[in-house]
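Chains as they are written, first to last, in the numbering used here: chain G, -19 to 334; chain W, 82 to 735.
Every residue, glycine too, gets a C-beta built ideally from N, C-alpha and C.
Please read these numbers as outputs of a predicted model, since none were measured by experiment.
A short write-up of the structure that comes next.
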Amino acid sequence: MARQATPDLAPPAGASPNRSSPRHFSLSRFLGRLTAPLWRPLIAVRNRWLNRFLARRGPLTPPLSLSYRRIFILPTSFGLGFWILLAVMGVGALNYNNNLALIMTFTLASVAMFNSNLTHRNLAGLNIQAVTADPVFAGQTAVFRLWLEDRDGRYRHQLQSALDRIHDCADLAALGHGSLQLFVPAVRRGLLGLPRARVESRYPLGFYRAWSWLQPDTRCIVYPKPHSNPPPLPLTGPGQKTPKRTGQGDQLHSLREYRENDPLNRIAWRASARHGQLYSKVMVQPSEQQVHLDWHALSARDTEERLSILCAWVLMAEQSQLPYSLRLPGAERTAGLGPRQRAACLKQLALFDA
Amino acid sequence: MKPHLSQKNVLASIGVLLMASMPQWTLMPAWLTAVSLAIIGWRVAALRYGWRPVPLWLRVILAFLMLALVVYSYGLFWGRRAGAAMLTMMLSAKLMETYRIRDARLLVSMCLFLAAAQFFFFREIYMLLYVVAVVIGAVVTLQWLQRDDAEQTSLSEPEIESPPLSDTVRSAIRMLVIALPLAALLFFLFPRLGSPFWGMPEDALDGKTGLSDTMSPGSIQSLFLDDSPAFRVTFDGPLPPPAERYWRGPVLWGYDGINWSPNNPGYRTRAPDRLPDPQPDSYRYTVQLEPHERRWLFALDYPTATPPGSGVSSDYMLFSYEPVVSVKSYQVVSEPRFTADPEIRASFRSLALGYPEHLNLRSQAWIAELRQQYSVDQELINAVLRHFNESQFFYSLTPPLLGRNRVDEFLFETREGYCEHYASTFTLLMRMAGIPARVVTGYQGGFYNRNANYLLVKQSDAHAWSEVWLDGLGWQRVDPTAAVAPQRIRQNIADTLGGKRTWYDFAWVRSVRNSIDVIQHQWNQWIISFDAKKQGLLVGKLGLPFPDQAILVVLLLLLGLVTGALVRPLIRSFNLKREQDVALKLYRRFRKRLARLGVRSGPQDTPGELIGRAVLQLPERTAALQKIGDLYLRSRYGSQPHLLEDLRTALNAL
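What follows is the structure, given as structure tokens:
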């Protein structure tokens, strides 16, 4: 079931607004907000305690295997309610000495009890091989991907990844690989870490929640937000004004229908075979133009705005297939074009420290 | 409204609700069932046609209306019947607002509660099987709900599969199987209550089955059609002959012209002057009484001692201090040769001589005439019985209705009736003649199950007879029905009549039912009537000292751990998804077998490598190993699944 990494970096949360959390009134949420000042110090204490507690149980950084000591399990509110129901049933059955009702209560209680084992087993032994994150632009949502593997030959149902709430859910085939996503809004450029995350399971009946803490050291590179209204590209180099000459050259420009007297070596055989009609290639001479993206050329503006404009320029240069070089204080990248150049330049911009 | 309920889960929840409330339909008034079904129907239609949810105010009004309906049907004092009916109604009402997973989970859980509550009304084995089906349905639905929950709480599109129904049912059954050992342990060892936390108000009881404590026209007649068991008796020693099997129940003293009633104030508090002493050849037996929600217990004449928690009334009726609401076992020793009350108290005497003097004048004249012929009481009794026997009296279950002067009409006109008519008429004739007399109701006879050695007494064995007080002899049993239809006393009611009582009333059906009753008897004995006392006996058999609750708890914990260890393999093999890949399954078995032969392997080994290593270590099996490897690769990867069987045989041969 291995999931393909999605190359587009559109914010997934925004892309599917119908999956946002319900916003109707909830008494518990209301009370929670009202008493927040009381809870906050307690939560801080709890976090400190949890940190120390978790530290004793080995590192939380993948790759790791969810061993016995790493998995926590507690009843869900539904599970608690079910136990209360069973208690009421049991007291009633005991009081009237109704043995059939008692058998049923005990059977359901045993089902509820052993369900904790089943929930725990769904998670136990799961391997978290790595956590990866593709770079995003500031303002987008960073997608962290937990790469999972089962080595015990057990199909694992409904594994969930969670931060403040559940972000993703997937099955994992026996001896298979899979992944779960976590979404963190990338607000500022730079390196974005992942808060302490959980891998959870409530399978099979939702009586229990078993979870394991993760603290991956993966950082997501957050590029500066491209300027929405950047100045035009600072074009330089020889032949700045000369128009492109098509027809001759080393680079493919486009295809057109075959005309008589087109040289044979210009015929695009593959495309022609596909369409049952002859096509000829139109070639172009690569531009001699270059773009020098220079920090110092934007002296009038503040740091972040400069980076933002440089970022937009990188994207524009890529789009118009113009080789570009980047110059930042203390760093310089020679001219180039293509994904590697783009990634290197954007990374320099992301990590720039004035 | 998220996370919302999928259509499948709404229907599944409705299915669980229908299953859980179906037994209740046979108990509730029909209109309650109709209302409940109407709501369920509305929900299905709302799902089908996309109708809007019922607004809150209407739901509240409907809920109160249902409450009013239940109060109207059952009155203000609620027993378990009313409680179960109310639960059924409220669960149907809950369906109106079941649009979220949380609601559905609550509904399904409460359905389990409702299913457990049915055991207050049904104790038969088939009911247990039915409830097991309800539980499986509920667990399947809970699995589906959890799947929906996982799918909908996720921020991004989840990738989880929905297993087929068969797999879901299978895992539900496996969960129950895993739970059973611990449940059985808890059942036998969980400390029971010697006495209940709270009792039941008597208003809560509405004894719908069995004898009542009054005898009105037709009250016993209705029981003749009822072949359900009243109680079962196991004798230590010989059984009394059929003609002696009079199981004594309520004793009736008062007659108002139509109805007989106990009319014996304080019968509970006043004990008889003395009880008989048990003799070596007294009848010793254990009665397993089906709950009738009344206080009286049944015993042969005369109980020598009272079982714990019970007493004997001044007219020798055995009664329990608490209403019998669950199967009750008690041991009795009865001494039939005992002469009760050689002296009769004046108050009892006047009670036993009372009759409405303005009614039945013809009978009064007739008995006065007879009395002049026979001055000795015993002779008069014989004369009346002879009259019943020799005149044209008939035993019939469908006699003509009687009017105001019931005794006159019966004695001189209709001459057709069953035990109720004979006992009532005879008792009144005795009173008119100045002989103290009373009516005794109870059961007579019983089916003796030779193989299982117990006597099954059914509701259709209900009977009424008379007791007269004779100077020097005390109270003596006289059964006028025996004078008319002696076979009624020797056989059971169905055989006496010859004709069929219901369309399914065949002799072979009765005999099959009587034989199957053994199962229910054992079931009652070991499961239904298991209580603190039997628990004590059980623990005692394990050789432990006097079982108190602390010992039980320790035992429970220890054996609980053992049980946990026992079900561990079951939990481990709870493979959440059935393996579809048969070749892979066989290959795993192969690896396990190789490991036993000393060839270890890990997930990183390819089949080729593994077999190569195995051949090196087990050169004598080279051919077999290579054949298995070849078959495995061809059946799994070579799309030649027909080789699977060969692979299986090759594996078994290894």
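Within the same chain, Leu292, Met296, Gly330, Pro331, Leu333 and Ala545 come within 7 angstroms of Thr522/W by CB-CB distance, once the 5 residues on both sides are set aside. Annotation: the stretch 124 to 189 of chain W contains the following complete segments of the alpha helix (DSSP H) (minimum length 4 residues), in chain order: 137 to 155 and 161 to 176. By the criterion of a C-beta distance shorter than 8 angstroms, Pro134/W is surrounded in its chain by Ala127, Met177, Glu178 and Tyr180, once the five residues flanking it on both sides are discounted. Scanning chain G for C-beta atoms nearer than 7 angstroms to the C-beta of Ser252/W yields Pro184, reported in chain order. Against Arg131/G, the close residues of chain W are Pro684, in the order they occur along the chain (beta-carbon pairs closer than 8 angstroms).
Non-local C-beta neighbours of Gly164/W in its own chain, meaning closer than 8 angstroms and more than five positions away in sequence, comprise Ala198, ordered along the chain.
Under DSSP, Gly335/W shares a beta bridge with Ser342/W. The three-state secondary structure of Leu126/G, taken from DSSP, is strand. Assignment of beta-bridge partners to Asn532/W by DSSP yields no partner.
Less than 7 angstroms separates the beta-carbon of Asp489/W from that of Arg443/W. Taking 3 residues as the shortest admissible run, the stretch 399 to 481 of chain W contains the following complete beta strand (DSSP E) segments, listed from N- to C-terminal end: 399 to 401 and 409 to 415. Here DSSP, grouped into helix, strand and coil, assigns Phe671/W to helix. Excluding the 5 residues flanking it on each side, Ser391/W has same chain C-beta neighbours closer than 8 angstroms at Leu378, Leu399, Phe400, Ser401, Tyr402 and Tyr411, in chain order. The stretch 476 to 525 of chain W contains, as complete beta strand (DSSP E) runs of 3+ residues, the segments 518 to 525 (chain order).
With a threshold of 7 angstroms between beta carbons, Ser8/G makes no contact with chain W. Going by DSSP, Tyr207/W is part of the alpha helix (DSSP H) stretching over Ile206 to Thr234. Straight-line measurement puts the Cα of Leu99/W at about 47 angstroms from the Cα of Gly335/W. DSSP places Gln685/W in the coil class of the three-state scheme, outside both helix and strand. Interface flag for Val91/G against chain W is set, since a Cβ pair is found closer than 7 angstroms. Residue Trp63/G holds the alpha-carbon nearest to the alpha-carbon of Phe94/G among Ser6/G, Trp63/G and Trp249/G. DSSP places Asn107/G in the uninterrupted beta strand (DSSP E) bounded by Asn107 to Ala113. Here Ser305/G really is in contact with Leu273/G; their C-beta atoms are around 7 angstroms apart, less than 8 angstroms. Counting only runs of at least 3 residues, the stretch 251 to 315 of chain G fully encloses the following beta strand (DSSP E) elements, listed from N- to C-terminal order: 259 to 264, 270 to 274 and 304 to 308.
For Gly390/W, no beta strand (DSSP E) encloses it, and the DSSP letter there is neither H nor E. Nearest C-alpha to Ile425/W among Ile516/W, Pro417/W, His602/W and Asn470/W: Ile516/W. Going by beta carbons, Lys615/W and Asp308/W fall outside the 7 angstroms limit. Leaving aside the five residues that flank Asn470/W on each side, the residues in its chain whose CB is nearer than 8 angstroms to its CB run, in chain order, Ala564 and Val565. Boundaries for Leu554/W: no beta strand (DSSP E) harbours it, and the DSSP string shows neither H nor E there.
With contact defined as three or more Cβ pairs closer than 8 angstroms, the stretch 73 to 91 of chain G and the stretch 199 to 215 of chain W are in contact. Those residues of the stretch 145 to 177 of chain W placed with their C-beta closer than 7 angstroms to a C-beta in chain G do not exist.
In the structure shown, the three-state DSSP call for Ser45/G is strand. At a cut-off of 7 angstroms between C-beta atoms, Pro650/W does not count as an interface residue with respect to chain G. DSSP lists Val123/G as the bridge partner or partners of Phe163/G. For Ala150/G, the chain W residues whose C-beta falls within less than 8 angstroms of its own C-beta are Pro239, Glu240 and Ile241, listed in chain order. With a 10 Å radius around the Cβ and a threshold of 16 neighbouring Cβ atoms, Arg50/G comes out buried. Contact note: Ala81/G reaches chain W through Ala197, Ala198, Phe200 and Phe201, using a C-beta cutoff of 8 angstroms and chain order.
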